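Enquirer: Structure in structure tokens, see below.
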Amino acid sequence: MKNILIVGGGIAGLTIAKLLHDQGHNIKLIEKQPKWQISGTGLYLPSNGVVALDKLGLGNIAREKGFIISSRHIMNAKSEMILDLDLEKIWGREKPCLGIKRNTLHEILFNQISNLDILPNTTINSLNTNTDFVNVELSNGAKEKYDLVIGADGLHSKTRKLILGDISIRKVTAQVCRFMIKKPKNINAWSLYISSAGQFLIIPTDNNWAYCYVNRKAKGFKTFSKNEYMDPFKKFASPIPEILTNWSPDNAYWNDLEELDNIPVMGNGRVVLIGDAAHAMPPFMAQGGALALEDALVLANSLKNYEWSTIASSFSKNRINRIDWTRIRNQKREKLSKLPYWIAKLGLKAVGEKNWTEDYKPLSKTPDW
Ligand SMILES: Cc1cc2nc3c(=O)[nH]c(=O)nc-3n(C[C@H](O)[C@H](O)[C@H](O)COP(=O)(O)OP(=O)(O)OC[C@H]3O[C@@H](n4cnc5c(N)ncnc54)[C@H](O)[C@@H]3O)c2cc1C
Numbered sequence: 002m003k004n005i006l007i008v009g010g011g012i013a014g015l016t017i018a019k020l021l022h023d024q025g026h027n028i029k030l031i032e033k034q035p036k037w038q039i040s041g042t043g044l045y046l047p048s049n050g051v052v053a054l055d056k057l058g059l060g061n062i063a064r065e066k067g068f069i070i071s072s073r074h075i076m077n078a079k080s081e082m083i084l085d086l087d088l089e090k091i092w093g094r095e096k097p098c099l100g101i102k103r104n105t106l107h108e109i110l111f112n113q114i115s116n117l118d119i120l121p122n123t124t125i126n127s128l129n130t131n132t133d134f135v136n137v138e139l140s141n142g143a144k145e146k147y148d149l150v151i152g153a154d155g156l157h158s159k160t161r162k163l164i165l166g167d168i169s170i171r172k173v174t175a176q177v178c179r180f181m182i183k184k185p186k187n188i189n190a191w192s193l194y195i196s197s198a199g200q201f202l203i204i205p206t207d208n209n210w211a212y213c214y215v216n217r218k219a220k221g222f223k224t225f226s227k228n229e230y231m232d233p234f235k236k237f238a239s240p241i242p243e244i245l246t247n248w249s250p251d252n253a254y255w256n257d258l259e260e261l262d263n264i265p266v267m268g269n270g271r272v273v274l275i276g277d278a279a280h281a282m283p284p285f286m287a288q289g290g291a292l293a294l295e296d297a298l299v300l301a302n303s304l305k306n307y308e309w310s311t312i313a314s315s316f317s318k319n320r321i322n323r324i325d326w327t328r329i330r331n332q333k334r335e336k337l338s339k340l341p342y343w344i345a346k347l348g349l350k351a352v353g354e355k356n357w358t359e360d361y362k363p364l365s366k367t368p369d370w
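Using our numbering, read the sequence shown as starting at 2 and increasing by one per residue.
This is how it looks when you write it as structure tokens:
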């Protein structure tokens, strides 16, 4: 039995905590928030994320509590179909993609580890890794010694900063808006409405709720008045004007999209970074959640097979191809999202299905876990 510290209780941290507890290790999880607070929106989990949940034994409950997404519809502002993607064809298998509320997914993961040593309101102040162990000082003053430290503390990871210094973060898009709505009856697919003004995406997250993700098209990192942000979408076809009747900027989550620079080795020695702490990217391929789940599964397996003193590099070698592929394809999708609307529309009709199939193809292969 080894002593392991996990920093951060998001998708990556909760998943690795469950897996390493199941392997019989002694786990402490620290979380900087005083209370478990999960953004109240939703998540689109592509098929490789559902395969990872199946591997964890949590796929069925996620299917029950989430919403199975079989197709992606890309439409114009009048709701005329530009592209209808059959996801079974894209992924080359029956395993579905899911829409799910973020807090539902977290609850499913959290329920697996509620008996563990979890410290809220705590972060890591310093760490020092050597061949045999990692010395850590926590924000509560405790000085402790671990066999392994896992940084699962997201895009602005403190663990990463302590072990690798400052890694640059690229600003991608300002002011993406997200919120939950009652699911419109006729929305049963991943449904994206596009125009020259921007994108309005609706994803069912269960039979009653849906998640909206709205992005105004802008040159550079421009911001809009929040009160006027939705104006162009009010002229879109149903159900968008109805959705916006009671919409308020105060009840929405506003985020910039950012991307972490490539880190060839995700950590150092006995300190390993997983999830967004290692490879945060904007959600053009919606791979953040799936990669976080996969990282945890691959790391848990690597810890059974490799020397722990160099685990950061062995783990990175196992993950690098898949993560690099996703980053490159994600950057390509970012560029496509910035094309003028009329070119994007022609491109989607001509090569949309081919491109999406190519983008996801390597990810449809199950990782080595
Ligand atoms: C606008 C937007 C839309 C997205 N849509 C999707 C989508 O549809 N599908 C998808 O798969 N992904 C999506 N993502 C990406 C996805 O949210 C992330 O990839 C995913 O949440 C990463 O999980 P994580 O556990 O690595 O990190 P996080 O979710 O960031 O969790 C990190 C945890 O660590 C804690 N923490 C942070 N710092 C410290 C510290 N110093 N000490 C202790 N604890 C700390 C945090 O409080 C948090 O609980 C989206 C991202 C954005 C910004």
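Beta carbons are placed, not taken as given, at the ideal position from N, Cα and C, and that holds for glycine.
No experiment lies behind these values; they were computed from the predicted model shown.
Just to confirm the assignment, what range does the alpha helix (DSSP H) spanning P242 have?
Expert: I241 to T246
Enquirer: Any idea if E65 is buried or exposed, counting beta-carbon neighbours within 10 angstroms, 16 or more meaning buried?
Expert: exposed
Enquirer: Could you tell me which residues DSSP puts in a beta bridge with K102?
Expert: According to DSSP, which records beta bridges pairwise, K102 is partnered with G43.
Enquirer: Which residues in the same chain have their Cβ closer than 7 Å to the Cβ of N209, if we skip the five residues on either side of it in sequence?
Expert: K183 and K184
Enquirer: If you draw a straight line from the alpha carbon of A211 to that of E108, how long is it in whole angstroms?
Expert: 18 Å
Enquirer: Closer than 8 Å is the cut-off here; do at least three beta carbon pairs connect the region 158-168 with the region 261-273?
Expert: yes
Enquirer: In three-state DSSP terms, what is Q332?
Expert: If DSSP states are grouped into helix, strand and coil, Q332 belongs with the helices.
Enquirer: Whose C-alpha, out of F234, T16, F285 and I119, is nearest the C-alpha of L337?
Expert: F285
Enquirer: Is the beta carbon of P284 within less than 7 Å of some heavy atom of ligand 1?
Expert: It does: the Cβ of P284 is within 7 Å (strictly closer) of some heavy atom of ligand 1.
Enquirer: Within a Cβ cutoff of 7 Å, which residues of the same chain sit near C178, ignoring the five residues on either side of it in sequence?
Expert: Closer than 7 Å at the Cβ level, and outside the excluded window around C178, lie V215, Y230, A253 and W255.
Enquirer: What's the call for W343, buried or exposed, on a 16-neighbour Cβ count within 10 Å?
Expert: So W343 ends up on the exposed side.
Enquirer: Excluding sequence positions up to five away, which residues of its chain have a Cβ less than 7 Å from the Cβ of D378?
Expert: Residue 378 lies beyond the stretch modelled for the chain, which goes from 2 to 370, so this question has no answer here.
Enquirer: In chain order, which alpha helix (DSSP H) runs of at least 4 residues are fully inside the region 4-88?
Expert: 12-23, 48-56 and 60-66
Enquirer: Quick one: is Q288 buried, meaning 16 or more other Cβ sit within 10 Å of its Cβ, or exposed?
Expert: buried
Enquirer: Bridge partners for Y194 per DSSP, in chain order?
Expert: DSSP lists M76 and F201 as partners of Y194.
Enquirer: Does the region 97-104 come close enough to the region 44-52 that 3 or more CB-CB pairs lie under 8 Å?
Expert: yes
Enquirer: Quick check on Y230: does DSSP put it in helix, strand or coil?
Expert: coil
Enquirer: Per DSSP, what are the beta-bridge partners of E260 in this structure?
Expert: For E260, the beta-bridge partners assigned by DSSP are R171.
Enquirer: Going by beta-carbon coordinates alone, are E295 and A281 separated by less than 8 Å?
Expert: no
Enquirer: Report yes or no: do three or more beta-carbon pairs, one from the region 25-32 and one from the region 316-329, lie closer than 8 Å?
Expert: Contact fails: fewer than three Cβ-Cβ distances are below 8 Å.
Enquirer: Just the C-alpha distance for Q372 and P283, rounded to the nearest angstrom, thanks.
Expert: With the chain covering only 2 through 370, there is no way to say anything about residue 372.
Enquirer: Who does N356 pair with in a DSSP beta bridge?
Expert: None, per the DSSP bridge assignment.
Enquirer: Cβ-heavy atom distance between G199 and ligand 1 below 7 Å?
Expert: no
Enquirer: State yes or no: is the C-beta of Y194 within less than 8 Å of the C-beta of A13?
Expert: no
Enquirer: Helix, strand or coil, according to DSSP, for G268 in the structure here?
Expert: strand
Enquirer: Using DSSP bridges, identify the partner residues of D154.
Expert: Answer by DSSP bridge pairing: none, since D154 is not bridged.
Enquirer: So, is K96 buried or exposed, given that buried needs 16 or more other C-beta atoms within 10 angstroms?
Expert: buried
Enquirer: So, D251 versus N319, is the Cβ gap smaller than 8 Å?
Expert: Cβ atoms of D251 and N319: not closer than 8 Å.
Enquirer: Measure how close the beta-carbons of A297 and L20 come, nearest whole angstrom, since I'm counting them as under 8 Å.
Expert: 6 Å
Enquirer: Between the alpha carbons of S40 and I241, how many angstroms are there, rounded?
Expert: 23 Å
Enquirer: Determine the closest residue to K227 out of S239, F234, G221 and S249, with distance taken between C-alpha atoms.
Expert: S249
Enquirer: Is the region 68-86 close to the region 189-203, with three or more CB pairs under 8 Å?
Expert: yes
Enquirer: Within 10 angstroms of the Cβ of V51, are there 16 or more other Cβ atoms? Answer buried if so, exposed if not.
Expert: buried
Enquirer: With DSSP as the reference, label Y147 as helix, strand or coil.
Expert: Strand.
Enquirer: Going straight from the alpha carbon of L128 to that of N136, what length do you get?
Expert: 6 Å
Enquirer: Distance cutoff 8 Å, beta carbons only. Does A238 sit that close to anything in chain B?
Expert: Given the protein chain composition of this structure (a single chain), no chain B is represented.
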